[in-house]
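The structure appears right after this line, and notes come after that.
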Amino acid sequence: MSAAGTALVSLLLVLYLQQIRNWTPLRTSMAFLPYAVVLVVVGRLSGRLIARWGAHRVASAGLALAAGGLLQLAGVDPQTGYGLGLLPGLALLPAGVALSFSAGSVIALAGVRPEQAGLVGGVLNTAMEVGPTAGLALLTALATARTAHLETGGADLPDATTSGYAWAFAVTGVAFAVLAAAMAVTARAGPHRST
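Residue numbers (the working numbering): 85 to 279.
Structure representation (structure tokens):
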């Protein structure tokens, strides 16, 4: 799920910045620098957080942060500014993704016998490859359907397109929030300090 969220943001925000806002490819790339920095920094800290709080709690927090980032991006419109409109989402989402990826890997491999670790790791990696593809296909279909619906209602193309993107961000954000809540319930169900 986290991988689908990152793929969605990468594709739709690039399209938004270049086609709606008419940004150059270089300027668009620079807009994603904070995203990359936060992803790397939080990824490096995630091991310590998992050791202290447990993988289930860290996964829940990560999903909640990612949901917050996506819901922030769901407010996008054709005039959204970068500093207050996009940057908060581009900071929250990668922080959440880094935490949920790391914790999810720990959860997936917890309790696995050493002779099956390779198999489980392979299934995990396959899921991380298939998830973004399937999720991106579904979410771009939702964005396109929303855009088409608004265009038939008389909205101009930039407004309709941006609203479609916002709709996809919102749907994904809500899905992340539901997963965060489910993971929080799982974390409370028993002691998961190290897993």
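Ideal Cβ positions, reconstructed from N, Cα and C, are used throughout, including at glycine. Here the structure is a predicted model, which means the values were calculated and not measured.
Just the Cα atoms here: how many angstroms apart are residue i and residue j?
i    : j    : result
A244 : A221 : 19 Å
R230 : R141 : 35 Å
V196 : V207 : 13 Å
P178 : L110 : 21 Å
L234 : G219 : 23 Å
T270 : G127 : 23 Å
A150 : L263 : 11 Å
R272 : L193 : 20 Å
A254 : G169 : 14 Å
T112 : Q200 : 43 Å
R277 : A250 : Bear in mind that the predicted position of R277 carries a pLDDT of just 46, short of 50, making it too unreliable to give a figure here.
S130 : A120 : 15 Å
G215 : G152 : 20 Å
L99  : T217 : 17 Å
T279 : V124 : Since pLDDT at T279 reaches only 44, below the 50 mark, its modelled position is unreliable, and no value is offered.
A268 : W137 : 12 Å
G202 : S189 : 13 Å
A266 : D240 : 39 Å
For the putative contact between residue i and residue j, defined by C-beta atoms under 8 Å, what is the C-beta separation to the nearest angstrom?
i    : j    : result
G89  : V181 : 7 Å
A139 : I191 : 5 Å
L176 : A145 : That pair is no contact at about 11 Å.
L154 : F260 : 6 Å
Between the options, which has its C-alpha nearest residue i's C-alpha?
i    : options                : result
M114 : V126, L97, T246        : L97
G167 : P118, L208, S144       : P118
P172 : L157, F185, S184, L183 : L157
A252 : A225, F116, Q200, T217 : A225
L174 : L147, S94, A268, W107  : S94
A211 : W137, R132, F116, F185 : F185
L92  : A266, G238, L203, T228 : T228
A135 : A187, Q102, A266, N106 : A187
L101 : P242, A266, A265       : P242
Inset, instruction - Report yes or no: do the region 158 to 172 and the region 238 to 253 share at least 3 C-beta pairs separated by less than 8 Å? - result: Between the region 158 to 172 and the region 238 to 253 there are three or more C-beta pairs closer than 8 Å, enough to call the two in contact.
For this session: May I have a chain-ordered list of the beta strand (DSSP E) segments no shorter than 3 residues that lie completely inside the region 213 to 249?
Result: none
What are the start and end residues of each continuous beta strand (DSSP E) run of 3 or more residues lying completely inside the region 87 to 145, in chain order? none
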